[in-house]
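One structure below.
Protein chains: 6
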Amino acid sequence: MLNKTIENFIGCDAAFEEAKIVLFGAPFDGTVSYRPGTRFAPKAIRAESYGLETYSPYLDKDLADISVFDMGDLDLCFGNPQRVLEKIEETAAEILSANKIPFMVGGEHLVTLGAFRAAAKKFPEIRIIHFDAHTDLRDGYLGEKLSHASVIRRCHEIIGDGKIFQYGIRSGDRPEFEWAKSHVFMNKFNLQNLDVAVDGCKDLPVYLTLDLDVLDPSIFPGTGTPEAGGAGFDELREALMFVMQNSNIVACDVNELSPHYDPSGVSTAVAGKIIREMLLSL
Amino acid sequence: MLNKTIENFIGCDAAFEEAKIVLFGAPFDGTVSYRPGTRFAPKAIRAESYGLETYSPYLDKDLADISVFDMGDLDLCFGNPQRVLEKIEETAAEILSANKIPFMVGGEHLVTLGAFRAAAKKFPEIRIIHFDAHTDLRDGYLGEKLSHASVIRRCHEIIGDGKIFQYGIRSGDRPEFEWAKSHVFMNKFNLQNLDVAVDGCKDLPVYLTLDLDVLDPSIFPGTGTPEAGGAGFDELREALMFVMQNSNIVACDVNELSPHYDPSGVSTAVAGKIIREMLLSL
Amino acid sequence: MLNKTIENFIGCDAAFEEAKIVLFGAPFDGTVSYRPGTRFAPKAIRAESYGLETYSPYLDKDLADISVFDMGDLDLCFGNPQRVLEKIEETAAEILSANKIPFMVGGEHLVTLGAFRAAAKKFPEIRIIHFDAHTDLRDGYLGEKLSHASVIRRCHEIIGDGKIFQYGIRSGDRPEFEWAKSHVFMNKFNLQNLDVAVDGCKDLPVYLTLDLDVLDPSIFPGTGTPEAGGAGFDELREALMFVMQNSNIVACDVNELSPHYDPSGVSTAVAGKIIREMLLSL
Amino acid sequence: MLNKTIENFIGCDAAFEEAKIVLFGAPFDGTVSYRPGTRFAPKAIRAESYGLETYSPYLDKDLADISVFDMGDLDLCFGNPQRVLEKIEETAAEILSANKIPFMVGGEHLVTLGAFRAAAKKFPEIRIIHFDAHTDLRDGYLGEKLSHASVIRRCHEIIGDGKIFQYGIRSGDRPEFEWAKSHVFMNKFNLQNLDVAVDGCKDLPVYLTLDLDVLDPSIFPGTGTPEAGGAGFDELREALMFVMQNSNIVACDVNELSPHYDPSGVSTAVAGKIIREMLLSL
Amino acid sequence: MLNKTIENFIGCDAAFEEAKIVLFGAPFDGTVSYRPGTRFAPKAIRAESYGLETYSPYLDKDLADISVFDMGDLDLCFGNPQRVLEKIEETAAEILSANKIPFMVGGEHLVTLGAFRAAAKKFPEIRIIHFDAHTDLRDGYLGEKLSHASVIRRCHEIIGDGKIFQYGIRSGDRPEFEWAKSHVFMNKFNLQNLDVAVDGCKDLPVYLTLDLDVLDPSIFPGTGTPEAGGAGFDELREALMFVMQNSNIVACDVNELSPHYDPSGVSTAVAGKIIREMLLSL
Amino acid sequence: MLNKTIENFIGCDAAFEEAKIVLFGAPFDGTVSYRPGTRFAPKAIRAESYGLETYSPYLDKDLADISVFDMGDLDLCFGNPQRVLEKIEETAAEILSANKIPFMVGGEHLVTLGAFRAAAKKFPEIRIIHFDAHTDLRDGYLGEKLSHASVIRRCHEIIGDGKIFQYGIRSGDRPEFEWAKSHVFMNKFNLQNLDVAVDGCKDLPVYLTLDLDVLDPSIFPGTGTPEAGGAGFDELREALMFVMQNSNIVACDVNELSPHYDPSGVSTAVAGKIIREMLLSL
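Protein chains in written order, with the working numbering: chain A, 136 to 417; chain B, 136 to 417; chain C, 136 to 417; chain D, 136 to 417; chain E, 136 to 417; chain F, 136 to 417.
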């Protein structure tokens with residue numbers, strides 16, 4: 136009898152029960168103000184992961200050595216962000232209740248809110264470490280509260296002041312930057328001062344959220360709102376490794392790849408490589 | 136003193152007051168289930184219209200001879216289809232109350248519902264003539280009532296049985312085709328039997344809605360859900376002319392161009408040319 | 136516990152045992168003389184099949200009504216066509232020995248040789264019906280016997296004269312056309328005279344092989360060697376339906392989509408729709 | 136000793152002396168009003184000709200049977216159309232003076248004026264047969280007399296009324312269409328009535344100029360100003376064959392491929408195939 | 136009554152009278168030797184500016200705080216560079232005579248000559264600060280004096296030796312580099328030594344011209360002649376800020392974006408962001 | 136009489152006899168596991184070299200000063216790597232026997248094996264300096280010994296331990312990295328420690344092989360398997376210059392450009408510029 140060849144993110148073929156980490160896609164881009172298309176990211180990353188090796192020479196570790204269950208993509212509707220967030224929250228809650236780490240691949244950045252709600256319920260003392268080009272601190276966008284430009288503001292409403300650490304921020308409107316001064320720690324323009332986050336999260340559960348547009352568009356053009364002046368690949372890789380090896384990450388996500396703006400395929404390859412390094416660091 | 140060069144759809148530079156037709160863009164694509172991007176259509180059509188002539192040798196008429204006000208694009212939010220439809224309805228209502236014809240350029244097909252609501256309020260006896268590859272007759276999509284796959288079903292709820300005439304339909308699920316049999320006139324696969332619509336709309340106000348994917352993807356690849364087996368350009372052009380010259384069109388729209396899936400630019404050029412022919416036929 | 140979302144060609148989620156048809160990908164393009172890339176076709180078709188409906192209004196049938204097992208893609212090496220063909224032959228043989236129909240999605244056209252060898256072993260009286268722009272009748276290409284330009288010549292070596300029926304052929308070198316006159320039935324330029332094939336195959340097992348470049352490049356640009364002057368979508372669809380409903384197809388394949396030359400995605404959508412119609416006709 | 140592999144249009148490797156036809160590229164696009172890029176056409180056609188066969192099953196002839204010298208591309212400046220035309224005229228004159236047929240590959244349509252001047256000097260009784268989507272009959276464009284929108288008007292100034300036969304025309308401004316009525320024969324929209332041209336050119340030398348945008352953009356998207364509603368490939372191929380086999384062509388050209396708007400490569404392949412058929416028909 | 140939505144560069148909606156800066160597009164690319172397409176730049180930059188914020192966190196300034204009139208694009212012919220330059224000169228002269236700063240967006244680099252002529256007439260003591268990958272110092276190109284490869288040489292003819300300061304230069308032919316030694320200040324390969332320009336222009340009017348290909352093609356692929364080894368985004372941004380804050384800029388331009396070679400859209404986004412920073416620094 | 140315009144890599148128009156270097160293309164990509172297309176590289180590099188200058192300001196040298204014969208591309212079959220390597224070996228041997236330097240442009244990296252065999256026969260003491268993102272040290276790939284992932288392992292079988300110097304390596308499987316420790320010198324992640332190679336090759340003949348994916352994908356996206364974290368252009372240029380000026384290079388190659396994944400054309404431009412610098416350094 137012939138068996139089905141099943142496509143996972145490369146090397147992530149553990150069963151749910153045995154897995155320490157559960158990878159899932161959240162292919163939603165319904166609140167994006169500018170260029171949509173992040174809905175295609177999780178499938179693209181999974182398909183293109185076969186151009187990657189499972190072994191990381193940076194970490195001298197191999198995906199074959201760890202246990203990850205890739206549960207595929209959630210089936211999400213469009214046009215109703217609230218319901219999308221509920222479904223993501225349910226999924227993340229179920230993973231967390233099994234004492235596993237949810238590793239979500241967006242989609243636009245709003246999906247973070249769903250998974251974060253689940254994590255914050257289980258871990259009330261949770262902190263957020265946030266890599267991004269944009270503040271994502273708007274109170275609303277054209278009157279809507281649920282938007283990828285507002286997602287960190289919504290998370291702040293759950294956990295309050297002084298618990299969010301932002302890196303790489305170089306775009307937003309003036310009121311966002313003003314607001315940030317008294318509510319979050321924001322490291323503008325680059326990925327320096329990571330010890331502030333690590334110290335601020337010591338012995339506490341951490342939600343790590345990575346908007347890939349923190350990378351410079353030279354190495355990551357495939358995103359909805361590219362912002363020149365970002366981090367290089369090695370810079371981001373090293374920052375992530377530092378944070379992950381010195382914090383207690385209980386949930387994480389990687390967002391905002393938009394494959395249709397990536398005709399050379401490099402952005403998708405970068406996203407896959409970052410995910411490999413993150414999985415190996417958890 | 137130097138004047139601003141203002142970009143309109145070519146030849147559509149009348150002021151609101153003098154215009155018989157008001158063209159406006161509705162750049163929304165928030166409920167699209169598959170490939171988004173129709174939000175970019177009205178801007179692309181306007182910009183690329185400069186590759187068109189204002190003169191139609193088919194009709195021996197020139198846009199210079201008629202009066203169209205191009206009011207630009209509406210500023211629409213994402214993530215809240217209900218509010219989007221309200222804004223479109225308001226705009227269309229204001230145009231209709233000035234006894235002008237609203238000519239909307241989408242966006243995804245759901246935008247039709249906003250303009251149609253306004254038209255149906257002013258013209259309770261209104262009929263719909265609908266060119267499309269898809270039935271758009273779903274009751275809901277993943278639980279949502281407002282979706283580009285449901286838009287004609289929503290319009291039917293306003294006007295009821297026997298008042299919608301569909302042409303070119305070649306895709307949908309089985310229940311949609313079953314439902315259609317007793318509620319609408321559906322001409323499958325091609326644009327024949329147009330006299331059924333013309334006779335059925337005689338002396339009545341008509342809303343004409345054109346989903347450009349009724350065209351074959353060979354000539355119109357730039358759309359979210361291309362469906363092979365569609366109409367050729369001349370076939371559609373002639374069908375539209377026949378309908379428009381033999382009906383009382385009180386409002387119309389052209390939808391579902393997705394310029395980012397149109398790397399050669401041909402689809403945008405086709406959309407512009409169809410719009411020119413329609414403007415000259417109104 | 137969370138279950139894996141498994142990606143099949145839409146509606147093809149039967150288990151091997153219950154299936155009547157077994158779909159599998161053969162992602163090989165190693166002998167292509169001009170533009171490679173058909174190795175990406177089966178994955179692309181599977182992923183993009185979610186833009187299709189499972190229901191065919193042409194046939195009034197639904198994929199939900201039949202049983203197809205999509206076993207995914209074979210894991211094929213590059214650089215050694217002989218071994219690739221052996222693996223394909225083994226797979227097809229196993230499907231045939233379970234009395235199921237192998238439905239292979241290439242890859243380049245050479246993959247046909249592997250599946251045909253298996254079919255010809257089980258059905259020595261087998262005939263071939265072949266849709267293509269190219270003769271594929273070269274004796275060799277730059278000295279190589281195994282090439283996508285020679286595949287039908289290799290099949291002929293197995294079954295001999297008068298058993299191959301070719302349609303749509305419009306490209307090849309002069310010796311191929313000369314050779315064809317005394318060895319195969321070739322209908323040049325179009326898809327007419329299908330009754331010759333149907334009559335010639337009456338009561339006999341048939342291998343149906345479809346090189347998608349038989350389609351005109353206007354509707355199917357995404358292929359290695361586009362040849363203008365081909366069939367339209369409806370023309371091919373109707374020809375396939377006629378042949379399949381009037382013959383005893385014991386195995387079939389669909390080849391030569393090259394997704395990276397299909398920036399609008401239309402070719403992949405066409406391939407998926409053709410496959411749906413073929414599955415529903417078997 | 137190792138020899139240079141020289142790239143010609145496939146099968147066109149005769150020396151100048153022995154050739155009956157001389158093929159040359161005129162890579163100029165300096166007066167294009169909308170999308171430039173035809174400068175890349177001759178190189179692209181030559182490079183992609185290796186995807187073609189030298190044999191035509193339509194004509195049952197092979198490029199191996201005829202003698203064509205491919206002299207490569209002229210080295211043309213940009214920014215000075217007058218000098219470009221002079222260089223083209225010189226080249227065409229030298230070919231004509233050796234009693235060979237110049238076969239020019241543009242570039243934009245203005246290049247025709249250079250070659251036509253040479254042909255009209257040698258053959259004062261010359262006629263023009265012109266396939267195009269556009270009239271090219273403007274007296275000037277933004278004040279310039281030398282423009283690809285004016286090239287046939289400039290040719291008319293050399294030979295006068297009743298000597299130009301236009302086919303496929305479907306775009307222009309109203310004055311062009313008005314002017315045409317009393318100065319040229321114009322067959323609008325399609326390629327019918329070819330006998331008018333053939334009869335009008337009987338026993339006279341003919342310059343054949345083909346603007347490839349006469350083709351429908353479905354099969355020929357790669358051009359600066361695509362105009363829907365054009366001819367299919369077989370329709371054009373048959374029209375060209377009819378005209379060429381029934382006229383005395385002394386010079387010809389093929390223009391307006393713009394390869395960078397042809398991401399699938401189909402337009403370049405079509406141009407090459409048309410050129411092969413034309414070479415075999417001369 | 137409904138008002139027209141007018142598209143400006145984001146935040147540049149002042150009227151002419153109140154504006155301190157006048158932005159205009161010069162969409163000309165008629166002398167480009169290699170890849171054309173810069174004619175599409177100003178429209179693309181304006182359209183894509185809606186993906187930008189009006190606020191710069193680098194400068195802590197907002198476009199809402201300054202007054203810029205975006206007059207749209209000039210209507211320029213092709214095929215006659217001399218007339219194009221005249222029209223640009225007239226426009227720049229009118230802006231300068233109203234004591235405003237002309238901010239031109241090309242187009243190819245030759246457009247600088249038009250605006251510079253106007254500026255040099257009003258400010259005879261003017262200097263040029265020039266960022267570019269190429270010297271642009273050819274005496275002529277294939278015999279033509281007006282070419283984007285010669286534009287700075289033409290400017291030198293107006294103002295003479297020692298008044299032009301070039302940065303980032305890494306391409307040209309040997310005679311250009313030789314000539315430069317005795318006529319201009321050239322800082323090769325990078326953007327160091329900016330104090331030479333600032334000191335050399337102290338208390339003098341300065342024309343700042345930015346050829347965007349001074350950027351490395353990794354961050355700015357969308358240009359006609361990409362030259363590896365260029366500046367990063369932050370490097371250029373900081374250099375521009377230094378120069379602009381320490382000089383008396385009376386006119387400036389930004390050139391050589393070619394959007395059709397920018398399929399990810401990153402180059403256009405970079406151009407827009409550079410323009411925002413420059414506007415905020417003037 | 137008109138002469139043929141022959142296309143060489145810019146400035147490489149010497150005859151074989153007078154040339155010191157012989158450039159040739161090896162357009163093969165038949166063993167590539169992931170994305171093919173390097174077969175198009177040599178033609179693309181040659182065609183796009185006309186966007187380059189012949190003069191290098193880095194080296195202050197000009198291609199006009201040296202003698203290079205560009206013999207065009209080899210005519211290679213697909214599907215039989217062994218025969219391809221034989222043809223390459225023959226060609227390289229003939230160049231070497233004329234005491235010239237073979238400069239091969241791939242194609243995939245496997246082509247190196249053919250040229251290296253010829254070089255190692257003439258120079259038994261030969262060493263290899265190897266720039267690459269990948270180890271290329273697999274013993275086999277899916278059972279095949281001849282693969283672009285195994286090419287350096289095959290070269291090692293010819294010359295043995297301690298004679299291969301690798302730089303920039305950042306991808307491979309764990310066994311490759313383990314194996315490397317005792318058989319080759321591998322400088323991971325960057326291009327430092329070049330003196331190890333230079334010292335190790337002192338007074339010995341050197342084969343230099345450059346896999347262009349050693350570059351970061353930001354500046355070189357157009358390759359089959361892009362690996363983030365690579366070298367910048369200037370970094371690679373300087374490393375190559377250092378090695379070439381301090382070693383005795385007897386043969387070299389440049390591989391793995393895949394132009395169809397390079398929609399902006401930047402990768403091809405980079406490859407051409409690197410080749411120019413290498414030619415001027417030999």
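Glycine is no exception: its CB is placed at the ideal position from the N, C-alpha and C atoms.
| request: Using a cut-off of 7 Å between C-beta atoms, extract the partners of F312(F) located in chain A. | output: As a first step, residue 312(F) must be located in the sixth sequence, where it is residue number 177. In chain order: P192.
| Same chain only: Cβ atoms within 6 Å of D208(E), ignoring 5 sequence neighbours per side | On the fifth sequence, residue 208(E) is found 73 positions in, with the first residue counted as 1. The residues are G160, P162 and P177.
| field | Distance between beta carbons of H244(B) and E391(B), contact taken as under 8 Å | value | Against the second sequence, residue 391(B) aligns to sequence position 256. Against the second sequence, residue 244(B) aligns to sequence position 109. Contact flag correct, Cβ pair sits at about 6 Å.
| request: Can you give me the Cβ contacts of K235(E) inside the same chain, cut-off strictly under 7 Å, excluding the 5 residues immediately before and after it? | output: Walking along the fifth sequence from the start, residue 235(E) turns up at place 100. These residues qualify, in order along the chain: A154, K155, I156 and V157.
| request: Less than 8 Å between the CB atoms is what I'm expecting for A227(D) and A254(D), so what's the real figure, rounded? | output: The sequence position of residue 227(D) within the fourth sequence is 92, counting from 1. The sequence position of residue 254(D) within the fourth sequence is 119, counting from 1. Confirmed, about 7 Å.
| message | Looking at the secondary structure, which residues open and close the beta strand (DSSP E) in which A386(A) lies? | response | In the first sequence, residue 386(A) corresponds to position 251, counting from 1. That run of the beta strand (DSSP E) goes N383 to N390.
| said: Contact criterion: CB-CB distance below 8 Å. Does K222(B) meet it with respect to chain D? | reply: Translated into the one-based positions of the second sequence, residue 222(B) becomes position 87. Closer than 8 Å: no.
| query | For the region 196 to 228 of chain C, which residues have a CB atom closer than 9 Å to at least one CB atom of chain A, in sequence order? | reply | F204, D205, M206, G207, D208, L209, D210 and T226
| request: Please confirm if T247(A) has its CB atom under 8 Å from at least one CB of chain B. | output: Residue numbering aside, residue 247(A) sits at position 112 when the first sequence is read from its first letter. Closer than 8 Å: no.
| In the structure shown, what three-state DSSP assignment does L329(F) receive? | Numbered from 1 along the sixth sequence, position 194 holds the residue referred to as residue 329(F). In the structure shown, L329(F) sits in a helix (DSSP, three-state: H, G or I).
| query | I261(E) to T173(E), Cα distance in whole Å? | reply | Within the fifth sequence, numbered from 1, the residue matching residue 261(E) stands at position 126. Within the fifth sequence, numbered from 1, the residue matching residue 173(E) stands at position 38. Whole-angstrom Cα-Cα distance: 27 Å.
| request: Compare the beta carbon distance of P237(F) and S399(A) with 8 Å and say whether it is the shorter of the two. | output: Position 102 of the sixth sequence holds residue 237(F). Position 264 of the first sequence holds residue 399(A). No, the pair does not count as a contact, with Cβ atoms beyond the cut-off.
| When S168(D), Q327(D) and S382(D) are compared against L339(D), the one with the closest alpha-carbon | Numbered from 1 along the fourth sequence, position 204 holds the residue referred to as residue 339(D). The residue with the shortest Cα to Cα distance from L339(D) is S382(D).
| task | Tell me, please, which residues DSSP counts as bridged to S191(A). | result | Sequence index remark: in the first sequence, residue 191(A) carries index 56 (1-based). BP columns for S191(A) point to K196(A).
| field | Beta-bridge pairing of F266(B) - partner residues as DSSP gives them | value | Translated into positions along the second sequence, residue 266(B) becomes position 131. F266(B) pairs with Y302(B) and L345(B).
| task | Note down the Cα distance separating T140(C) from D308(A), rounded to an integer number of angstroms. | result | Along the third sequence, read from residue 1 onward, the residue named residue 140(C) stands at position 5. Along the first sequence, read from residue 1 onward, the residue named residue 308(A) stands at position 173. Going from the Cα of T140(C) to the Cα of D308(A) covers about 40 Å.
| said: At the level of alpha carbons, what is the spacing between V385(F) and Y342(F)? | reply: Against the sixth sequence, residue 385(F) aligns to sequence position 250. Against the sixth sequence, residue 342(F) aligns to sequence position 207. Near 6 Å, if we compare the C-alpha coordinates of Y342(F) and V385(F).
| query | So, does the CB of E142(E) fall closer than 8 Å to a CB anywhere in chain B? | reply | For the purposes of this step, residue 142(E) is identified with residue 7 of the fifth sequence, where counting begins at 1. Output row for E142(E): interface = yes.
| request: May I have the straight-line CA-CA distance separating G357(C) from V378(B), to the nearest angstrom? | output: Numbered from 1 along the third sequence, position 222 holds the residue referred to as residue 357(C). Numbered from 1 along the second sequence, position 243 holds the residue referred to as residue 378(B). When rounded, the distance between both Cα atoms is 36 Å.
| query | So which residues on chain A does P398(E) lean against when the C-beta distance must stay under 7 Å? | reply | Position 263 of the fifth sequence, counted from the start, is the residue given in the question as residue 398(E). Residues of chain A passing the Cβ test: P398.
| query | Is I236(A) helix, strand or coil by DSSP? | reply | For this step, residue 236(A) is matched to residue 101 along the first sequence. Note: I236(A) maps to strand in three-state DSSP.
| query | So is A404(F) buried or exposed if we call it buried at 16+ other beta carbons inside 10 Å? | reply | Numbered from its first residue, the sixth sequence carries residue 404(F) at position 269. So A404(F) ends up on the buried side.
| task | Answer with yes or no whether the minimum CB distance from A149(B) to chain D is below 8 Å. | result | Looking up residue 149(B) in the second sequence gives position 14. No - not a single Cβ of chain D is within 8 Å of the one on A149(B).
| query | Taking one C-beta from the region 322 to 335 of chain C and one from the region 272 to 280 of chain C each time, how about it: are there three or more such pairs within less than 8 Å? | reply | no
| message | Do S168(B) and F213(A) have their beta-carbon atoms positioned less than 8 Å apart in this structure? | response | Taking the first sequence and counting its residues from 1, the one referred to as residue 213(A) is at position 78. Taking the second sequence and counting its residues from 1, the one referred to as residue 168(B) is at position 33. Going by C-beta atoms, F213(A) is nearer than 8 Å to S168(B).
| query | Between V349(D), T247(D) and S393(D), which lies nearest to N322(D) when the distance is taken from Cα to Cα? | reply | Along the fourth sequence, one-based indexing puts residue 322(D) at 187. Out of V349(D), T247(D) and S393(D), V349(D) has the C-alpha closest to the C-alpha of N322(D).
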